[in-house]
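Visitor: Below is one structure. I have some questions about it.
Numbering (the working numbering), first residue to last: 1 to 339.
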């Protein structure tokens, strides 16, 4: 696809075939050095464990064009570490951090013409590891593929940084002591039907409660939840089945160090939403999506506003995106320069 045909002002979150992607194989106990390829089709065995038993994991991260034309990767070491934890959970070989970051840089450089102009979006990277090879039994795969592709993206939710309404779901996203803390496809497959039903009912997505008691908020669709109290607290759920998001981690650090908020990881009881004056969903794709209201049963609980962004949420967004795009100095190690 020609980048000249892309309308940078109307970028959404859709697949666009770009020039190159990275491909590495794990065979005989080690990863090869990997290569860039133009082929966006994977050729794998029909017996691959990724197809039959869900032995796969993935990451999501972004590269940003700065005002001076340079390119920033945001905290790729944290994505590498999270992928390593996901691989451990599914008995797959870890991708070393150095190889992971080097592969990201290669993909960004090879697809530089698809990086949106400053302020128009980002280049989204999708690293993944899958179990492949001839197999039929329920066991770990004989071989693995580590790959990264990239696409230019804009806002995940239509309207971008505007409040959205969400619906409390009766479904569970993950099981207690299951794979909720790993970034694996099965968690997202489980979310397709409840997410579809929420959108059909007029909501941006659904919110999942804890799978054990159904009394505490855990995740907002495929994003993390946070709430701001009148006492200047930044509160986000703590649970073994919550995915530890890189954006969430970053907002926790910024809320404390730059905004002076007290950061708390703890229970977010669905029957105690009145404690929050603002709320939001955060993740790599969405960045921050303000939560205007949460529908629980017959009641819509409204936070700051259904139409306006709360002041603390706006400050957090400005600080985070300013660091990502190079306009604000970030904490040490957060930005890795590609070019």
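We put the beta carbon where it would ideally sit given N, CA and C, even for glycine. Computed from a predicted model, the values in this text were never measured in an experiment.
(1) Using DSSP's beta-bridge definition, name the partner residues of residue 129.
(2) Taking the straight line between their C-alpha atoms, what separation do you get for residue 76 and residue 298?
(3) Is residue 196 buried or exposed, if buried means 16 or more other CB atoms sit within 10 Å of its CB?
(4) In terms of alpha-carbon separation, which member of 167, 333, 87, 91 lies closest to residue 302?
(5) How would you label residue 205, buried or exposed, when you count the other beta carbons within 10 angstroms and need 16 or more for buried?
(6) Pull up the CB-CB distance for residue 144 and residue 26, whole angstroms please, since I reckon it's below 8 Å.
(7) Within 8 Å, do at least three Cβ pairs link the stretch 17-35 to the stretch 148-156?
(8) Hey, is the stretch 258-267 in contact with the stretch 167-178, meaning 3+ C-beta pairs nearer than 8 Å?
(9) Can you give me the C-alpha to C-alpha distance between residue 137 and residue 131, rounded to a whole angstrom?
(10) By DSSP's criteria, residue 263 is part of a beta bridge. Which residues make up the other side?
(11) Just tell me which of 237, 258, 46 has its CA closest to the CA of residue 248.
(12) Tell me whether residue 214 is buried or exposed, calling it buried when 16 or more other Cβ atoms sit within 10 Å of its Cβ.
(13) For residue 261, tell me which candidate among 235, 52, 210, 63 has the shortest Cα-Cα distance.
(14) Using DSSP bridges, identify the partner residues of residue 72.
(15) If you follow the alpha helix (DSSP H) that residue 96 is part of, which residue opens it and which one closes it?
(16) Give me, in chain order, the residues of the same chain whose beta-carbon lies closer than 7 Å to that of residue 32; leave out the 5 immediate sequence neighbours on both sides.
(17) Between 119, 114, 79, 28, which has its C-alpha nearest residue 283's C-alpha?
(18) Which residues mark the beginning and the end of the alpha helix (DSSP H) in which residue 253 is found?
(19) Which partner residues does residue 153 have in the DSSP bridge list?
(20) For residue 87, which residues from the same chain have a beta carbon less than 8 Å from its beta carbon, with the 5 sequence-adjacent residues on both sides left out?
(21) What residue range is occupied by the uninterrupted beta strand (DSSP E) comprising residue 270?
(22) Would you kindly check if the distance between the Cβ of residue 47 and the Cβ of residue 135 is under 7 Å?
Guide: Looking at the atomic coordinates:
(1) 57, 146
(2) Taking the straight line joining both Cα atoms gives about 42 Å.
(3) exposed
(4) Selected option, being the one with the closest Cα: 167.
(5) buried
(6) 4 Å
(7) Output reads yes: the stretch 17-35 touches the stretch 148-156.
(8) no
(9) 13 Å
(10) 234
(11) Out of 237, 258, 46, 237 has the C-alpha closest to the C-alpha of residue 248.
(12) exposed
(13) Taking only the C-alpha atoms, the option nearest residue 261 is 235.
(14) 64, 337
(15) Bounds of any alpha helix (DSSP H) do not take in residue 96, whose DSSP letter is neither H nor E.
(16) 24, 25
(17) Selection 119, 114, 79, 28 evaluated against residue 283 yields 79 as nearest (Cα-Cα).
(18) 246-257
(19) Residue pairing for residue 153: DSSP places it in a beta bridge opposite 122.
(20) 57, 93, 94, 95, 129
(21) DSSP places residue 270 in no beta strand (DSSP E); its state is neither H nor E.
(22) Yes, Cβ-Cβ distance for residue 135 and residue 47 is below 7 Å.
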